[in-house]
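Here the structure is laid out as structure tokens; the discussion comes afterwards.
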Amino acid sequence: MVLITPHRVAMRGTEYKPARCVALLGEVGQGVRCTLYEQRASPCREFEASWANGEPEPRCDDARRAHGLPPLTPTVQPSVAPERVA
Ligand code: SF4
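Under our numbering, think of the first position of the sequence shown as 8, with each following residue one higher.
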């Protein structure tokens with residue numbers, strides 16, 4: 008991790024432009040995953056993807072835009088309750 012302020016840290020690699028966290032595995036835009044998701048730092052835990060809570064997240068949209076990706080769109084919710092799907 009790198010120290011951002013006396014009370015804040017960030018994952019190494021995210022301090023550069025374009026940002027590339029050292030824990031990110033894969034190719035952005037193709038398929039990626041966090042290799043330490045369960046142990047990720049508090050800034051990562053505070054960051055929500057757009058529509059994860061039913062609302063857009065401008066920081067998520069900005070991060071995607073920085074990598075040439077469009078903003079996420081709301082997922083289509085199933086019209087039938089999961090317990091009723093065979
Ligand atoms: S969620 Fe994982 S890959 Fe993303 S910045 Fe945090 S540690 Fe890195």
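Note that CB positions come from ideal geometry on N, CA and C, so glycine has one too. As the structure is a prediction and not an experimental result, all values here were calculated from the model.
Secondary structure at E34: strand, using DSSP grouped into helix, strand and coil.
Within the region 15 to 72, the runs of alpha helix (DSSP H) at least 4 residues long that lie entirely inside it are, in chain order, 49 to 53. Between the C-alpha atoms of C51 and A30 there is a straight-line separation of about 11 Å.
Every residue whose beta carbon comes nearer than 5 Å to a heavy atom of the ligand SF4 appears here in chain order: M18, C28, A30, L31, C41, R47 and C51. In the structure shown, L76 falls within a coil segment according to DSSP collapsed to helix, strand and coil.
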